[in-house]
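K.L.:
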Amino acid sequence: MSNQSVQTVSTSNDKIKVALAIVVAIVGVIGFYYLSDKPALVRAGALVAGLAFAVLILWTSSTGRDFLNFAKEAVRETKKVVWPTRREATQITGIVFAFVLVMAVFLWGTDKTLEFLLYDVILGIRK
0 MSNQSVQTVS TSNDKIKVAL AIVVAIVGVI GFYYLSDKPA LVRAGALVAG
50 LAFAVLILWT SSTGRDFLNF AKEAVRETKK VVWPTRREAT QITGIVFAFV
100 LVMAVFLWGT DKTLEFLLYD VILGIRK
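Here the sequence shown is numbered in numbering that gives the first Met the number 0, starting from 0 and rising by one per residue.
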C-alpha cells in the first residue's frame, strides 16, 4: 500500500477565477466609496453585489469551494465551543489581574534589590 498523500493541483482556469473574484470584491468596495454622494442603500447595494458576485465566481473554482467548505467547518466548530459564564469570566479576569499585580511587585522588588546591591554595595556610588 502507498501512504503518499495526494495533492490536487489547481488549474490555471481556477487561478484566473480566484483572481477575478478578488478583483470583483475590490471593485465592490471601491464602488461603495465611489458612490459616497448616493444614498446609503445604493452604496450598500454596490458593496453587497460586488461581494456576492465574487463569492459566486469563487464557488465555481475548486480552490474557492475548498475555502468555503473550510469556512463552514470553522463556523460549525465555533458553535461547539463552550463559553464561560459571566461569573467564570469575571473570576478568571480577577485571577489574571492579581497575578499581574504580584508579578509587578516581584519585578519591582527584584529591580530595587539589584539596584541597591550594584550601586550601593558593590560600586559604592550614592545617588
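For every residue, glycine included, the Cβ atom is placed at its ideal position computed from N, Cα and C.
According to DSSP, is S11 part of a helix, a strand, or is it coil?
P.N.:
Position 12 of the sequence shown, counted from the start, is the residue given in the question as residue 11. DSSP places S11 in helix when its eight states are reduced to three.
K.L.:
Threshold first: 4 residues or longer. Then list the alpha helix (DSSP H) segments lying entirely within the stretch 16-80, N to C.
P.N.:
Whole alpha helix (DSSP H) segments, 4+ residues: 39-58, 61-78.
K.L.:
In whole angstroms, give me the CA-to-CA distance for Y32 and W107.
P.N.:
Taking the sequence shown and counting its residues from 1, one reaches residue 32 at position 33. Taking the sequence shown and counting its residues from 1, one reaches residue 107 at position 108. Each residue's alpha carbon lies about 51 Å from the other.
K.L.:
Please report the distance separating the alpha-carbon of Y118 from that of A97.
P.N.:
Numbered from its first residue, the sequence shown carries residue 118 at position 119. Numbered from its first residue, the sequence shown carries residue 97 at position 98. If you take the alpha carbons of Y118 and A97, they lie about 31 Å apart.
K.L.:
Taking 9 Å as the cut-off, decide whether the C-beta atoms of V47 and G27 are in contact.
P.N.:
Locating residue 47 in the sequence shown gives position 48, where the first residue counts as 1. Locating residue 27 in the sequence shown gives position 28, where the first residue counts as 1. Against a cut-off of 9 Å, the Cβ pair of G27 and V47 comes out as a contact.
K.L.:
How many whole angstroms separate the CB atoms of F52 and V23, which I take to be in contact at a CB cut-off of 8 Å?
P.N.:
Taking the sequence shown and counting its residues from 1, one reaches residue 52 at position 53. Taking the sequence shown and counting its residues from 1, one reaches residue 23 at position 24. That belief holds up - the Cβ atoms of F52 and V23 are roughly 5 Å apart, short of 8 Å.
K.L.:
Compare the C-alpha of A20 against each of V41, I56, N12 and name the closest.
P.N.:
On the sequence shown, residue 20 is found 21 positions in, with the first residue counted as 1. Residue I56 is the option with its Cα nearest to A20.
K.L.:
Among V54, D36, G49, S60, whose alpha-carbon lies nearest the alpha-carbon of K10?
P.N.:
Walking along the sequence shown from the start, residue 10 turns up at place 11. Correcting the residue type first, residue 10 is Thr in the shown sequence and not Lys. Answer by Cα proximity: S60.
K.L.:
Following the continuous alpha helix (DSSP H) through L117, name the residue where it begins and the one where it ends.
P.N.:
Start at 1 with the first residue of the sequence shown, and residue 117 comes out as number 118. L117 -> no alpha helix (DSSP H), and no H or E assigned at all.
K.L.:
DSSP three-state label for G123, please.
P.N.:
Numbered from 1 along the sequence shown, position 124 holds the residue referred to as residue 123. Three-state result, G123: coil.
K.L.:
Give the list of continuous alpha helix (DSSP H) stretches no shorter than 4 residues that lie fully inside the stretch 85-119.
P.N.:
Segments of the alpha helix (DSSP H) lying fully in the stretch 85-119: 85-114.
K.L.:
Rounded to whole angstroms, what is the Cα-Cα separation between I34 and L40?
P.N.:
Counted from its first residue, the sequence shown places residue 34 at position 35. Counted from its first residue, the sequence shown places residue 40 at position 41. In the sequence as presented, Ile is not what sits at residue 34; that position holds Leu. In a straight line, the C-alpha of L34 is about 10 Å away from that of L40.
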